[in-house]
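Read top to bottom, the protein sequences are chains A and B.
Residue numbering for the first sequence follows the numbering used here, beginning at 9 and increasing consecutively.
Residue numbering for the second sequence follows the numbering used here, beginning at 26 and increasing consecutively.
Cβ coordinates follow ideal geometry from the N, Cα and C atoms, glycine included.
Beneath this line is the structure, given in structure tokens, with notes to follow.
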Amino acid sequence: MKLRLLLAVIAPVFLTEVVAQEVPSTINDSLDYYISTQKVVTGISKEGVVEYAPSISADGKTMIFEANEGASYKLYESRLENGQWGSPTPLTNINSFGDSTDLIAGPSISFDGNTLYFSGSIGMGNLSDIYVSNKTEEGWSVPKNIGAPINTSDYEGFPSISADGSTLYFVANNQAGPQDKELSKLNQICYSIFRSVKNKEGKWGIPEKLPAPINQDCEKAPKIMADGKTLIFSSNRPGGSGSYDMYQSKINVLGEWSNPQPLNYVNTDKSDQLPCISAQGDLMYYVFNNQDIYSVEIPPNLRQFMNNIVQGKITDQDTKQGIAATLIVTDALTSKTVMTLQNNASTGDYSIVLPVGRNFNIEVEKEGYSSFTMSYDLRKVNKYQEISKNIELFKSINLNVNINDIELFEPISADVKVKVQGHSEYFSELVNNPITGEAIIVLPIGQKYEVSIDTENFKGQFFSFDLSGLVMYREFEKEVELIPEKENVMINVSDLMNNSKVRSKIILRNKNRDEYIEITGNEMVALRKGDRYEIEATSDHGYAFNSTTLEVGKGNNEVAMKLLKLEKDARLALKDITFESNSATLSDISFTELARVIQLMKENPTLRVEIDAHTDDVGSDRYNLVLSDKRAESVMNYLVSNDIDDDRFLAKGFGEKQPKVANDSEENRAANRRVELKVLGI
Amino acid sequence: MRARYKAILLALFVITNSLYSQKYKDIYPRIASSTDEGAMPILKEYLKIEPDHPNSNLLLALIYDKRYKSADALTEYEKAVANAERAKLRFTKARVLVNEKDIKKNIGYYSVFSSGTDSKGRLIVNYEIVNKAMVTKYDSIVLYLQKVPDIYNTFIKAVNTYDASIKTFYKVNGKYNSLDDLYLLYDDELKTDLDFLKQSFDSTVYYLDEYKRKIAEYPIKGYNQDYTIKDIETYRLSGLITQSNFLNNDIQLWNYGKWVDDVNLLFNADINSLRQEIISYEEKLDDGLKDAANPANFSTYEPIDRNKELLFNLKKFDKNSLLAGIFQYKYNLQSVVHRTHNLKYYDTASNVSPQSKYTYYGEMINSYYLLDSALKVVKSRHMEHNVAKHSAFMDEYYRGFDGVNAYLNQENKNISNGFGKYVLTLRNAIIDDLELDSMKNTKVLSYNRKKIPLSITKHLLMDSLKQGVLTTTHLLKNADDSKYVAGVYRDPKGINNVIAYVSRVSADSKVGWYKEYNIELDSAGADADNLVVGVQPTQAGCAIVIRSVHKTNNSALNSLIYLDEAGNENLLRRLEENDYPRTINYNETTNSFIISFRDNDLTQNFKEEKTTTLVNINVLGDLLWKYNYSFSGTLENIVNTNTGYLLAGNYTSKKDENGNVQRTKVNEDQTNIYLDYISSKGELKKTRTIRSDNSIYLINITKVNDSNISLFGMKGAYNSSKVEKPISYDSDLAYIFTNAKLQLIYTKL
């Protein structure tokens, strides 16, 4: 007994001596300086009022504490603005829980600032329990008792929540009392520090009393720091400066608490307790002498933890309203989940405290929304940082489907139908823009979709688009190339007179789209079903051109083209040479056929032709003769203007004298209104 | 100072002696009744007093042993290894200190190794069992410390390399919006990223295989992972992950390695060949343009074909491809450059008809319009990122972004000059010919006792008509240069009403026949003024529309008369429509007439909503169709097109092409020009309101062909008398070049 007392007296001397040996004198000097920085926190402290148990948000800008302004202790909040703590405002929703005499005390704000734990003695004769309240748009929610196994019929109070929200430290009665016999004799109310860990289901586990050297005599006011390893608490254990002093202990790699070190830069002979540390890690707030909240600068060598804070809002990209989301912080080194947090459901605010020295991945999740990821490698960071990051999540994506012809790569108009996989009804039906080929489909996240694209005379296409997993981008592009349905068409080219096959070149111009095919005659060609082709046959073996049109898919899969041998007196009927009514002015639809004539003349430089124009029988013979003469001349002029010598032409009008067919219908009359080329020489 | 040390040493001596006096048997009950965490500080404290105490060393070793075994080898690696090392240390010591003698002496301390109790209820603890346990546990720890760090490091490498893969893939996805962008913007930086991505992924697979092999050899509690690899199918959707949980037994990996291989394969094959093809086509087009510009090559010049395959591939990778736009522009430019040589021919050849010249000028205007449209496409795509997609090519052939800009500016200037030149040439040529046409023919022909003037009075004033004096209002030439001349005169006899006449005049100015129309409305005698309101020659003769207005009650009747070449009346039909006939057109294809009606007086009320009515009547007098629609304005002319009819006039309030009502400042008599397209079946298919801040009204429409239609307008408040005046160069002249599709190719309002 005597020896133990002696030890109690000598040990501090010994320890001090050891410290004195190890710490340079400059630190000693500065320790004095830091002690001198102790001061009451102005703006919060009020005359005649006890401010107690401060808890500071992770960003260091909100302090919640208890004070006895009224009949009992209640909670107040103060905001740090321009370096000054503002006038405290009561947390009405929480303080009005119970009646005015009920004790609301020991607040601990979660690191994301959205959850508040506190102890309360609600109702007459009830001992303190721990309660929880969440921040809403209207303020703090009505508190809830966190229940068993943490709360019992006995006293539980002064909670402290860890940064990852998984561990709650608190105090409960120390039934055995202090180990120290002298203290034991004092018969004071004595507490021990307990810890409860959330299980996988999110329920609090059975609390365990922290072992020695944490719990020794009477301990209270535990505050677990942002690193989840450093615990500051108050104890009246022997060796302190007097009354309750603050001690700091840290879990080492073995999982053991280190010997608590008294915080000599703050401890006084009065009661010093209930610390909390600013986000920067350089300033401690605490309660001095059970009266006021003080602050003290922490000596650099004792600033054992430093945080970086990532904060911002999580909002809906379209409505810009805050949304509730889950933030999962994982250790990039092991892929272990470090913490799972919920942001403020109403405002969308979030705040993540990340201790420096580690590498983190953060995923933001919300069912039915896109996900977001960010990484913070803080392994080499050695300063406090506040990182602002607003996050916008979206409920739907835009799938931009570009529908093109696989061969021509031209936009195609098509029907786009979308349904949720497994559903029978279409979720969306639309037609794409025929000019650009684009169809923008808005698809809500969280489902698998089936998209079908169909259009006449093309093979339909189908693809699935899975939005049930992780979605991080809003804009998607999908190229859909439709394959045209085709039919084989045989193009036979033969001599007009003897029907023998002619070696020829066939040009097929699709009149519906920009398609140009060149083949040799007497070949099979696959043509697009439903499209109309202009087929032109030419031959460099002394033949004139011929042209026709074909609508594919009408059952006519064989085209017979007869070529006129270019020999004297041969007659080539030109197609689609038309004139303005009762006029010799060429219609522009004539230019296609005339271009063929120009080509023919150029390819056969010795060819001389007579341009014969004919009319129907409307009007007098005389008049029609004149009109046809003028029309023949008009054709000749056009050809001459395209660099063909005029001496290779003879223009002649025949009026209505040489009808091809009887002038007994408008169709036949149209057939008789024609222009022909008669070969004069070659 | 020395005195202080002496004091410390003395204190230590006292403490040590006092603690030595504390017996293990006194604290053991506390140890036995505590949890491991509770016992640990007591044991550690005691070992400070008696470091070589056998049982406390062993108990401490056992606690460390439990701790390392319960610690997760992967997520609590440091804790596990630290406790294993402590356990190893304590077991090493315990194996030396714990002996049979100590066990027998303190058998209660070794109760955890008890194999039971003897007959007297005393614990049985066998040294061999204790020793074996110590050896076994020690060996396990040694093996653990030998194996687990390696396993852990391999695992961490797998996690880290995959984490690096994810982040690199995420970076690539964030930078390139589509795979096409990625291919075309592929550069050294991307290559480095892709190489790193593949290397990281391959390392992941390697380390995971190693890890699997190692945990197969030395299983670790709670883990038996395997992995599956999934292919990345949809860019920006597949392959994304925030953090793969390698602690799960089923690890899912995205196959970043294959994705990189696929990207590289496509890039090396398709993109590189595309780049070669681009260079080749660019050089071909440039050569082609040089050839086209050379007049010596005019007859032999063959344009470079449109490289559809290249354009296809370009568009495939680059939807709004700047290069595809440039190629299309240059392709179009070839024919324009080539056809420019024709201008000389049209300017100099004496035997070219005006129609041929107009056709050529119109074609050039349309070509420049298309060229301008193509250039606009290029301009719209001229953006930094589009240039960056072909940066090497663009730098070499266009001197980069700024070079393209300079090229576009130059081409824009060329187009503007060319376009302006041909528009002006066409406009002036038409005006010149119209002026020539409208030159007064002072000749007066005699037929019986009638004097038929060949000069035309376009704006007829009824009050100025003199009795017996013929006034020609219509003169239309036929293809054989004969003419139909129609007009009116006031009857010197009877009721002094106006009589219509029509005659045919031969090419040599001889009157072949002459006919008069004095149509009665509701009495047996003359009771109306008869005006010729439309004349339309055909191959077979001439159709005229006569409007007869009752002299006293102003009731009106319209008649269609179709006369043959000899003046025989093939058709005389009283028309059902009483509105004022405005035009008559002939359609050779259907051998029918289209007659339009609007309002009820020669001068149209352009401020009030009126109905335009069109009727299609064949030469036999059968009504084929009728169509009417309303708006505020006037109808000035109708021209035939290949597929229907183009109606032109002025509006003050009319629905535009989008269905929105366009209004002019009608209180200021402001009008603007409109065009309506009516199909050959009589349906309004398209409309175009040509809006201007100025008041403009149509005075002439000249159609050369369907893609060459000129509208002439006059600036100022609508004046019906001016409408009939011949057009001339005038500062107030507005000019519009359009086509049957109602596209406004050129407007100068």
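For VAL513(B), the uninterrupted beta strand (DSSP E) segment begins and ends at 508 to 515. Residues of the region 351 to 380 of chain B that bring their beta carbon within less than 8 angstroms of a beta carbon in chain A comprise ASN367, TYR370, TYR371, ALA374, ASN376, VAL377, SER378 and GLN380, in sequence order. Distance check between ASN367(A) and each of SER378(A), ASP385(A) and MET254(A) places ASP385(A) closest, using alpha-carbon atoms only. Classified as buried, PRO562(B) has 16 or more neighbouring CB atoms from the shown chains inside 10 Å of its CB. When the Cα atoms are used, LYS610(A) and ILE652(A) turn out to be separated by approximately 8 angstroms. Cβ contact annotation for LEU349(A) (same chain, cutoff 6 angstroms, sequence separation greater than five): ASP120 and LEU335, in chain order. Among the CB atoms of chain B, one or more fall inside 9 angstroms of the CB of ASP596(A).
Three or more beta-carbon pairs separated by less than 8 angstroms are not found between the region 437 to 453 of chain A and the region 228 to 247 of chain B, which leaves the two stretches without contact.
Close to chain A, meaning a Cβ-Cβ distance shorter than 7 angstroms, are the following residues of the region 80 to 113 of chain B: ARG92, LEU99, THR100, GLU103, LYS104, ALA107, ASN108 and ARG111.
Residues are counted here when their Cβ sits less than 8 angstroms from a Cβ of chain A; for the region 60 to 81 of chain B these are THR60, GLU62, GLY63, MET65, PRO66 and ILE67, given in chain order. Using beta-carbon distances, SER489(B) does not count as an interface residue toward chain A, since no partner is under 9 angstroms. Residue-level contact by beta carbon holds for ARG681(A) and chain B, with a gap shorter than 9 angstroms. Taking a cut-off of 8 angstroms for Cβ pairs, the region 654 to 670 of chain A and the region 49 to 58 of chain B do not touch, as fewer than three such pairs fall below it. Residues of the region 261 to 272 of chain A that bring their beta carbon within less than 8 angstroms of a beta carbon in chain B comprise VAL261, LEU262, GLY263 and GLU264, in sequence order. For THR677(B), there are no neighbours in chain A by C-beta distance under 7 angstroms, as the nearest C-beta there is about 32 angstroms away.
Three or more beta-carbon pairs separated by less than 8 angstroms are not found between the region 191 to 198 of chain A and the region 131 to 146 of chain A, which leaves the two stretches without contact.
C-alpha of LEU396(B) to C-alpha of ASN641(B): approximately 39 angstroms in a straight line. Under DSSP, GLN492(B) shares a beta bridge with ARG515(B). TYR49(B) has a beta carbon lying at 9 angstroms or more from every beta carbon in chain A. About 5 angstroms separates the beta carbons of ILE322(A) and ASN351(A), which is inside the 8 angstroms limit, making them a contact pair.
Its chain contains GLY213 as the residues whose beta carbon lies nearer than 7 angstroms to that of ASN207(A), once the 5 sequence neighbours on both sides are disregarded; these appear in chain order. Note on THR557(A): under 16 other CB atoms within 10 angstroms of its CB, so exposed under the neighbour-count rule.
The continuous beta strand (DSSP E) containing LYS494(A) extends over residues 494 to 503. Distance from the Cα of LEU335(B) is smallest, within the candidate group ASN322(B), ASN345(B) and ALA349(B), for ALA349(B). Rounded to the nearest whole angstrom, the CA to CA distance from LEU556(B) to VAL469(B) is 20 angstroms. Scanning the region 628 to 653 of chain B for uninterrupted alpha helix (DSSP H) segments of 4 residues or longer gives nothing; none is fully contained. In this structure the region 373 to 382 of chain A touches the region 397 to 411 of chain A; the number of beta carbon pairs closer than 8 angstroms is three or more. The C-beta distance from LEU660(B) to ARG623(B) rounds to 5 angstroms, short enough to fall under 8 angstroms.
At a C-beta separation below 9 angstroms, TYR646(A) has these neighbours in chain B: SER381 and THR384. Going by DSSP, MET389(B) is part of the alpha helix (DSSP H) stretching over 379 to 405. Following the DSSP letters along the chain, one finds ILE181(B) inside the alpha helix (DSSP H) bounded by residues 152 to 200. With contacts defined by Cβ atoms closer than 9 angstroms, LYS686(A) and ASP577(A) form a contacting pair. For THR563(B), the closest Cβ of chain A is nearer than 9 angstroms. Along the region 444 to 484 of chain A, the beta strand (DSSP E) occurs as fully enclosed runs of 3 or more residues at 446 to 452, 456 to 462 and 469 to 474, listed in sequence order. With a cut-off of 8 angstroms on Cβ pairs, the region 167 to 177 of chain B is in contact with the region 98 to 115 of chain B, counting three or more such pairs.
Of all residues in the region 577 to 611 of chain B, those with a C-beta nearer than 7 angstroms to a C-beta of chain A are GLU590 and TYR611, reading in chain order.
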